[in-house]
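So that you can map any letter, position 170 of the sequence shown is 287 in this note's numbering, and since no number is skipped, the others follow by simple counting. We treat Cβ as the ideally placed atom computed from N, Cα and C, and that holds for glycine.
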Amino acid sequence: MKRMGILLLTAFSLFSCGDRYTPDVSGIRIDLPVKRFEQDFFAIDTTRLAASLQQLHQQYPGFLADFTQNILGLPPTGDSAQVLELVRQFIRDYRPVKDSADKVFRNFEPHAKAVRQGLQFVKYYFPAYKLPGQLITFVGPMDAYYAATIGGYGDVITHDGLAVGLQLHLGSEFSMYHSEMGQSLYPGYISRRFTPDYIAVNCMKNVIDDLFPEKGIEKPLVEQMVEKGKRVYLLEKFLPYTPDSLRMGYTSKQLQACYKNEGRIWNFFLVNSLLLNTDYGVIKEYVNDAPNTPTISEQAPGFIGLFVGRQIVKKFLEKHPDMGLPELMNTDPRKIFEESKYKPG
């Protein structure tokens with residue numbers, strides 16, 4: 118689902134990514150219309166489904182195929198009796214979810230505004246990047262949970278624009294998340310992030326993955342942590358007014374504990390000689406989502422490497438205050454680690 122053919126970014130920002138102020142982006146115009154696909158999709162006439170889907174295709178010439186094939190997982194033969202019956206069944210089964218989304222997102226504009234502001238910062242720092250042309254909301258299956266390099270979520274970036282799966286933003290207390298099926302898919306440490314507040318965060322994560330496709334997953338742990346740290350630092354620049362806990366995906370309590378115990382966390386990696394470890398069986402405990410990191414502490418958040426990597430990146434930028442974001446993102450992670458001289462107290 119990721120957009121292919123990323124633009125070569127030759128235009129460098131005139132401003133330093135190490136700046137301590139937030140630039141004024143109010144003059145950057147962002148044209149991002151919102152299309153409520155779920156409203157049109159669930160309104161189609163299921164008694165004449167083939168013709169209704171053809172009409173919907175006129176409204177969403179690209180996204181409808183993405184939705185049916187890549188989100189619903191149906192074969193491309195959209196007019197076959199089997200496919201039509203599966204679409205009809207999905208509409209019937211998920212109408213209660215769509216009705217819940219109608220209540221939560223009766224006014225989607227505040228969320229669209231947050232995404233547009235994020236894209237203003239994207240355009241400020243990466244003027245050559247072709248921004249998504251529209252924001253499409255949809256209601257998909259509960260298991261439509263896509264991977265991203267700094268967290269998984271139900272939102273994607275397509276050729277048509279940014280697409281937001283409302284079924285995974287209905288609030289952490291939404292009953293379906295706490296059902297047997299919901300818990301089997303998304304334990305509480307994941308579903309607590311299924312709130313409207315994460316829409317802009319997830320959209321910007323998708324943009325970051327579009328700008329910089331992941332690489333080097335076979336690298337040593339410290340380099341993988343730095344690569345993740347670069348991305349969450351970029352997210353911080355795109356969403357400077359968003360709480361750090363939302364950007365990191367931690368609870369506020371977890372994040373405060375990370376700052377309080379930063380030295381102890383770092384010492385754990387040193388004492389156990391983990392930094393240059395290349396065994397994915399070991400590494401995954403520190404760079405994957407989880408309820409906690411028990412090897413460090415039951416209270417330590419999962420994906421603790423995200424916090425460590427971001428702190429290393431920030432220490433590196435203190436020594437390179439004039440480095441722009443494109444240069445940072447293309448700097449070798451081992452160089453960032455070594456030059457940071459990261460040694461929290």
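Residues bridged to residue i (per DSSP)
| i | result |
| --- | --- |
| residue 414 | 410 |
| residue 151 | 252 |
| residue 273 | 280 |
Where the alpha helix (DSSP H) through residue i begins and ends
| i | result |
| --- | --- |
| residue 371 | 369-377 |
| residue 242 | 226-242 |
| residue 424 | 421-436 |
| residue 140 | That residue, residue 140, is in no alpha helix (DSSP H); it is neither H nor E in DSSP. |
| residue 183 | Residue 183 -> no alpha helix (DSSP H), and no H or E assigned at all. |
| residue 446 | 442-446 |
| residue 365 | 361-365 |
| residue 198 | 198-221 |
| residue 342 | 338-355 |
Residue environment, residue i, which counts as buried when at least 16 other CB atoms sit within 10 Å
| i | result |
| --- | --- |
| residue 436 | exposed |
| residue 228 | buried |
| residue 290 | exposed |
| residue 366 | buried |
Nearest-angstrom Cα separation, counted from residue j out to residue i
| i | j | result |
| --- | --- | --- |
| residue 148 | residue 256 | 23 Å |
| residue 246 | residue 425 | 29 Å |
| residue 243 | residue 443 | 8 Å |
| residue 217 | residue 158 | 15 Å |
| residue 360 | residue 211 | 32 Å |
| residue 336 | residue 395 | 6 Å |
| residue 113 | residue 314 | The structure shown does not extend to residue 113, since the chain is modelled only from 118 through 462, so no value can be given for it. |
| residue 279 | residue 320 | 7 Å |
| residue 410 | residue 266 | 18 Å |
| residue 197 | residue 209 | 19 Å |
| residue 460 | residue 261 | 40 Å |
| residue 207 | residue 288 | 22 Å |
| residue 308 | residue 272 | 14 Å |
| residue 305 | residue 429 | 29 Å |
| residue 293 | residue 160 | 23 Å |
| residue 181 | residue 334 | 33 Å |
| residue 420 | residue 205 | 39 Å |
Any C-beta of chain C under 7 Å from that of residue i
| i | result |
| --- | --- |
| residue 378 | Of the chains in the structure shown, none is chain C; there is only one protein chain. |
Discussion item. Just to confirm the assignment: which complete alpha helix (DSSP H) runs, minimum length 4, are found wholly within the segment 275-319?
Written reply: Segments of the alpha helix (DSSP H) lying fully in the segment 275-319: 297-302 and 305-308.
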